[in-house]
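Residue numbering for the sequence shown follows our numbering, beginning at 115 and increasing consecutively.
For glycine and all other residues, C-beta sits at the position ideal for the given N, C-alpha and C.
Data first, discussion second: the structure below is written as structure tokens.
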Amino acid sequence: MKKLLILILICVSTFQHLQANERIMQAMKDELARSMKELKLDGLNKPYYIEYKLELSNNFNVTSIYGKLVNRSNTPIAKLTVGVRVGDYKFDNTNYLDFGLSLFGSGDDEEPFLNRRVPIELDYFTLRRELWLATDAAYKQTSEVYSKKEASLKNKVRKDTTHDFLKIAPSKSIDTSVSYTFNADYLENVANTLSAVFANFPEIQVSNSTIEFTEETAFYYNSEGMEYIKKDIFTGVEASASTQAEDGMTIADYYSAYSKDPANLPSLDSMKSAVEKVARNISKSQKADALDEPYSGPVIFAGQAAAELIAQVFAPNLVAQRKATTEGGYFSDDERFTAFQNKVGGRVLPEFISVFAKPNSKQYQHVPLVGCYAIDDDGIRPQDLTLVDAGYLKTLLSSRVPTRRIRETNGHCRGGSAMISNIIFSANKNQLSESELKKRLLKLIKDRELPYGIIVKKIQNQNILFSSLYSLTLGSIDFSRGAGKMNVNEAYKVFPDGREELVRGAFLSGISAQSFKDIINVGKSQYVLNYLAPSITSSFISGGKAYLPASIVAFDMLFEDAEVKTLEGDFTKPPFIEKPLGSK
115 MKKLLILILI CVSTFQHLQA NERIMQAMKD ELARSMKELK LDGLNKPYYI
165 EYKLELSNNF NVTSIYGKLV NRSNTPIAKL TVGVRVGDYK FDNTNYLDFG
215 LSLFGSGDDE EPFLNRRVPI ELDYFTLRRE LWLATDAAYK QTSEVYSKKE
265 ASLKNKVRKD TTHDFLKIAP SKSIDTSVSY TFNADYLENV ANTLSAVFAN
315 FPEIQVSNST IEFTEETAFY YNSEGMEYIK KDIFTGVEAS ASTQAEDGMT
365 IADYYSAYSK DPANLPSLDS MKSAVEKVAR NISKSQKADA LDEPYSGPVI
415 FAGQAAAELI AQVFAPNLVA QRKATTEGGY FSDDERFTAF QNKVGGRVLP
465 EFISVFAKPN SKQYQHVPLV GCYAIDDDGI RPQDLTLVDA GYLKTLLSSR
515 VPTRRIRETN GHCRGGSAMI SNIIFSANKN QLSESELKKR LLKLIKDREL
565 PYGIIVKKIQ NQNILFSSLY SLTLGSIDFS RGAGKMNVNE AYKVFPDGRE
615 ELVRGAFLSG ISAQSFKDII NVGKSQYVLN YLAPSITSSF ISGGKAYLPA
665 SIVAFDMLFE DAEVKTLEGD FTKPPFIEKP LGSK
């Protein structure tokens, strides 16, 4: 009888949930139909395309310092984004940047239409009212941008006449069968346990651990008839710490673990051991010598460093990007990541390396991949792709916004624009074991008569640097500034006799996507990096998300030549007396 009652309650809950989903979709369909029929201002074109996206999320966050809870919150959020296009698929208001208008979708005195916060408890009429207000604001701004774009390009000879938007056949998709195990008290215990590790290292000045769990359901409908409902989850664990050397230089390091289902996180013992390793590395680095002079020569990037290097330098270039026109010409959000836009068919890696996009893969060699997804933001099923075949670039990750070289979408619109997902490196030769790779490094430094080589084992993740460590140190953290520069958390000098010596204060300089063509050898084992990747197209322009889960599968890499420099300048003086935890 009890089992029957439970089954009935589950069925009732499921039915109510389905009814709620249907009411949301019906409100979106009804208001969109009305807008397409009636939305028209005198002297302005009617919209040819409208899209609605509603995101309902529940965000759990917990922060702990020295084993004590600092914050625990569970916040539901409802956001609405409306997209309106005026003109036609060949030429519309998009791919044009008007600096006179807010990049956030509206001015302070106007109704917002990008990531518009709406009531959590939405009924049919409340949602239609929010859609009505947002659509009206979007249409007014869209029409203004279209007029400016048309006027700006009227007296110019356009070299690039690529269509502004790709027309596709509509479909209906539902991907809500996400199951997971969530235990808020367990995650709080994880945060407390990890943060308590740093209390055993009195030399560490500041530290914390944070855990985030997000459950999000997206409802989407557009005027073409494209429709989807998709649900996704994400779990992130981060533990960061910082101290100073005697000369005042900041020594910082971190541990991170990301998965979709909290149950797929590493075990608590494993995470605790990893955080202890981070703390020991900070302690050792504090006493280590700073890199005494700039180094240029062969470098091995091992494990996390290899994957992080790919994530920051190479992978962002695998995304098709459309330069926006402006009144004065073209605007590129970040020139660093446009190296491959005209490289399709050209060599971008050694001929023994290939690269694949695997958005449909949930794991790699039994390791979960956080970059997987079933439906992109355009409602398209993503394609698994060969991006680089035997060194030669074959295609780029794309959305419905075509470029000169990439005219079709392959289902990689994420967070408002084309974006990476799961990127997997593969090699068919020139693979060496860890010891063989080190021997090859030693031979290279001997041939070049260098006093030592360098092995980099950990590179600072940019998201953790600016979101966690920067705030943790109140902005006083020392880091290399400038395009193509990356802080190093763990690096070693390798002397001709094979001896390794830890150094601090190192950062990479001058490594670009083109540098990857000069990889000599790679390792035999692979490292899986799950991380939060910065969106390639800035969220300020796309109106989408600033960071998205992604995965890089890489192997150790030996570069024939790389530059490693040391932080210079004046550092903040360390505290005059020990912190209380360090007193005897």
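Gly-485 and Leu-168 have their alpha carbons spaced roughly 22 angstroms apart. Taking a cut-off of 8 angstroms on C-beta distances, the segment 279 to 286 touches the segment 514 to 528, as three or more cross pairs fall below it. If you ignore the 5 residues before and after Leu-564, its C-beta comes within less than 7 angstroms of the C-beta of Gly-411, all in its own chain and listed in chain order. Separation of Glu-225 and Arg-242 (C-alpha to C-alpha, rounded to the nearest whole angstrom) is 15 angstroms. In the three-state DSSP reduction, Leu-556 falls in the helix class (H, G or I). In this chain, the beta strand (DSSP E) harbouring Lys-679 covers 661 to 680. Beta-bridge partners of Asn-269 (DSSP): none assigned. In chain order, Val-636 and Lys-638 place their CB closer than 6 angstroms to the CB of Gln-545, counting only its own chain and leaving out the 5 sequence neighbours on each side.
Rounded to whole angstroms, the gap between the alpha carbons of Arg-554 and Phe-466 is 17 angstroms.
Only residues of its own chain outside the window of five on either side were considered, and among them Tyr-641, Ala-668, Phe-669, Asp-670 and Met-671 have a CB closer than 7 angstroms to the CB of Ala-420, listed in chain order. DSSP places Ala-416 outside both helix and strand once states are collapsed to three, so it counts as coil. Selection Lys-268, Met-142 and Val-602 evaluated against Tyr-238 yields Met-142 as nearest (Cα-Cα).
Collapsing the DSSP output to three states places Glu-169 in a strand. Under the three-state reduction of DSSP, Thr-177 is assigned to strand.
With respect to the C-alpha of Lys-508, the residue from Arg-514, Val-515 and Thr-500 having the closest C-alpha is Thr-500. Relative to the Cα of Leu-586, the nearest Cα in the group Ser-171, Ser-321 and Ser-535 belongs to Ser-321. Nearest to Asp-490 by alpha-carbon distance, out of Lys-437, Ser-468, Lys-286 and Tyr-300, is Lys-286. Scanning the segment 590 to 657 from its first residue to its last, the whole beta strand (DSSP E) runs of 3-plus residues come out as 600 to 608, 614 to 618, 620 to 623 and 633 to 648. For Glu-317, there is no enclosing beta strand (DSSP E), since its DSSP letter is neither H nor E. If the five residues before and after Arg-514 are omitted, its C-beta is found closer than 7 angstroms to the C-beta atoms of Phe-279, Leu-280, Ile-282, Asp-492, Thr-523 and Cys-527, all from its own chain and listed in chain order. When the beta-carbon positions are compared, Glu-677 and Pro-408 come within less than 9 angstroms of each other. Within its own chain, the residues whose Cβ lies closer than 6 angstroms to the Cβ of Asn-644, once the five positions on either side in sequence are excluded, are Tyr-372, Val-484 and Ser-665, listed in chain order. Here Asn-431 is buried. Its C-beta has 16 or more other C-beta atoms within 10 Å. For Arg-461, the number of other beta carbons within 10 angstroms of its own is below 16, and it is reported as exposed.
Rounded to whole angstroms, Ser-397 and Glu-317 show a C-alpha spacing of 7 angstroms. Contact between Val-292 and Lys-345 is confirmed by a C-beta separation of about 5 angstroms, below the 8 angstroms threshold. The alpha-carbon separation between Ala-532 and Pro-648 amounts to approximately 12 angstroms.
As the crow flies, the alpha-carbon of Leu-423 is around 43 angstroms from that of Ser-261. The three-state secondary structure of Asp-403, taken from DSSP, is strand. When the beta-carbon positions are compared, Glu-682 and Ile-634 stay at least 9 angstroms from each other. Comparing alpha carbon positions, the residue from Leu-556, Gly-530, Asp-503 and Ile-568 closest to Phe-539 is Asp-503.
Its Cα nearest to that of Ala-438, the residue Ser-266 stands out among Ser-266, Asn-601, Gln-574 and Phe-685.
Straight-line spacing of the CA atoms in Ala-353 and Ile-325 works out to 9 angstroms.
Shown here for Ala-488: same chain residues with a beta carbon closer than 6 angstroms to its own, the five before and five after excluded, namely Asp-289 in chain order.
DSSP places Ala-355 within a strand segment (E or B) once states are collapsed to three. Lys-560 has its alpha-carbon roughly 20 angstroms from the corresponding atom of Leu-616.
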